[in-house]
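The sequence shown runs 7 to 154 under the working numbering. Glycine included, every Cβ here is placed at the ideal spot set by N, Cα and C. No experiment lies behind these values; they were computed from the predicted model shown. I have placed the structure first, in the form of structure tokens, so that the comments after it can refer back to it.
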Amino acid sequence: MKPVEGELVAAGILLMTRPTVGGGLSPQFLLMRHPDRWDLPKGHAESGESIVETALRETTEETGIAADRITLEPDFRFTLNYPVASRRSGGILTNKTVHYFLGWVDQPHAVLCSEHDGYRWFDWPPAGPIQQQTIDPLLAAVADHLKG
């Protein structure tokens, strides 16, 4: 799927570690730290790039975790739409669509923070709300998906 011309489209990946065999360690998920909030590795689509290509490229750029170390969950995709006034639109309020994928890594990786103040691997399931408008709905969708 290619982004619509002129539309603000972004994509990212919620990275999770796989549960250990025998139920030893619980899965963990990665969030990136901005000065005032937690976020996911994500970014805007480049011309001619598919949404999956965008998600993998942005996640690799923002975490340093190579795309070939990430296994995307084939049956999971979560889309959010919300208005933003961005620099790309000259401050004009426009609709932004963000496509999130679920990606698995074998273990928590050290993250190279190129665009964030820090990162943290959180235990799954989350202990409480994190960010009501974007992250919490995604985590709820992931929880439903993992229940089968």
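| query | result |
| --- | --- |
| With distances taken between CB atoms, is the gap from aspartate 142 to proline 131 smaller than 7 angstroms? | no |
| Measuring CB atoms only, is the segment 138 to 154 touching the segment 47 to 57, in the sense that at least three cross pairs come out at less than 8 angstroms? | no |
| When you compare the CB positions of valine 148 and leucine 86, do they come within less than 7 angstroms of one another, or not? | no |
| By DSSP, does valine 58 sit in helix, in strand, or in coil? | helix |
| Buried or exposed, going by whether 16 or more other CB atoms sit within 10 Å of the CB of proline 47? | buried |
| In whole angstroms, what is the alpha-carbon distance linking glycine 18 and arginine 63? | 9 angstroms |
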